[in-house]
Ligand SMILES: C[S@@+](CC[C@H](N)C(=O)[O-])C[C@H]1O[C@@H](n2cnc3c(N)ncnc32)[C@H](O)[C@@H]1O
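Residue numbers (this note's numbering): -3 to 386.
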């Protein structure tokens, strides 16, 4: 990766951060839109539960602000479960999504294809008409912990039958249904950054899969929009897009000091093993240690690495944006023992140095940073930075 130009002057950086503080505006009434919760009830958006996602409404709100129109191309360099892309498709706006996590690329891809529902129904009937047989398969330890013996047998059976569907688009559709249904019957639950196992009575996978497929086929029949959408497994730091081709960016990078996506989505990723490259660990933002960056801010090591990578992404974003293109970045601040790191302000500073002009910083959520789950250590913001390529 190319070495970054040092960002000049320590005193200036700190003064700049103060300047951005003055740009904070309270939009906490919109806080819920920065979460995936509203998507849980929405067709297509809810084909995969992705806790770290934002909502369709947030994208629609920005689409209106940015005056997005058919013929334009929106980029989400951290597309996650594809919320930006699905919303753009519904609005008739072309979009491009990148992510390094195989599950994200897969889910965003499946959610943005066009389907022939008659063919899906036919394939579904065929899938459930096959006589059950046990398939010998050795599962990784996490799968053995996360599923009952019967669920694992069903996973093997349906996975094999889905793999035999010839049409790749339909095959992926059913595979996403299998992932979604399997997670619902698993003993695993995501407790923030870790997977925990809680054994309880779970419905049979076959039953859950049938219901999931029925729902998804119905959704596929109602899918709106004909816009083009490209999803690729790619590191946001090296997007390989032509200069000045993007009309707007709506995105949310991983938050500093939050989750390890490879761990939290380990089970889902196992279902699509082999379909995508396993990204080297360092492809995920903020994982390169020993990075000297912004020394004047005396940040924790992990924060140095994170902002170094985010700066590279911002430079890429600036390169690919057309002049004047509006950009929205949703990001959360982080707590390290004894210290709050204002990611929103630091990202504004880095974006500024990459050539963006900050228009406003909308605070969507604010909560206490807690130590030992009880002691309040200050306020953590989740903000939406609105800027444009100047
Ligand atoms: C906060 S989530 C995005 C959620 C998305 N807005 C949605 O609604 O589903 C951040 C995403 O960034 C991805 N990511 C991490 N490092 C990346 C990198 N270097 N390049 C591209 N994507 C990356 C993670 O895999 C994750 O899917």
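Just so you know, even glycine gets a beta-carbon here, dropped at the ideal spot from N, CA and C.
Remember, predicted model here, so these are calculated numbers, not experimental data.
- The nearest non-hydrogen atom of ligand 1 is less than 8 Å from the C-beta of residue 280.
- For residue 82, the enclosing alpha helix (DSSP H) stretches over residues 79 to 87.
- Boundaries of the alpha helix (DSSP H) harbouring residue 146: 145 to 159, taken from the DSSP string.
- According to DSSP, residue 384 shares a beta bridge with 322, 353.
- Put simply, of 205, 316, 325, 42 the residue whose alpha carbon is nearest the alpha carbon of residue 239 is 316.
- By the Cβ test, the region 59 to 73 is not in contact with the region 35 to 49, since fewer than three Cβ pairs between them sit closer than 8 Å.
- If you draw a straight line from the Cα of residue 79 to the Cα of residue 197, it comes to about 32 Å.
- Shortest Cα-Cα distance from residue 222 to any of 132, 52, 109, 343 involves 109.
- In the DSSP annotation of this structure, the continuous segment of the alpha helix (DSSP H) that includes residue 123 starts and ends at 113 to 125.
- Going by beta carbons, residue 254 and residue 189 fall inside the 9 Å limit.
- Nearest Cα to residue 261 within the set 369, 176, 105: 176.
- For residue 305, the enclosing alpha helix (DSSP H) starts and ends at 297 to 316.
- The C-alpha of residue 318 lies about 53 Å from the C-alpha of residue 126.
- Taking 9 Å as the cut-off, the beta carbon of residue 263 is found closer than this to the beta carbon of residue 178.
- Secondary structure in the region 49 to 83: the beta strand (DSSP E) runs of 3 residues or longer, each lying completely within the stretch, are 69 to 72 in chain order.
- Boundaries cannot be given for residue 182, as no beta strand (DSSP E) includes it and DSSP labels it neither H nor E.
- Put simply, the backbone Cα of residue 251 is about 9 Å away from that of residue 281.
- In summary, residue 378 is buried, with 16 or more beta-carbon neighbours lying within 10 Å of its beta-carbon over all protein chains present.
- Judged by their CB atoms, residue 360 and residue 383 are not nearer to each other than the 9 Å cut-off.
- Per DSSP, the unbroken beta strand (DSSP E) holding residue 192 starts and ends at 190 to 193.
- For residue 41, the CB contacts under 7 Å within the same chain, skipping 5 residues up- and downstream, are 35, 52, 79, 82 in chain order.
- Taken in chain order, the whole beta strand (DSSP E) runs of length 3 or more contained in the region 185 to 267 are 190 to 193, 225 to 229, 244 to 247.
- For residue 339, the CB stays at least 8 Å from every heavy atom of ligand 1.
- Cβ contact annotation for residue 320 (same chain, cutoff 7 Å, sequence separation greater than five): 384, 385, in chain order.
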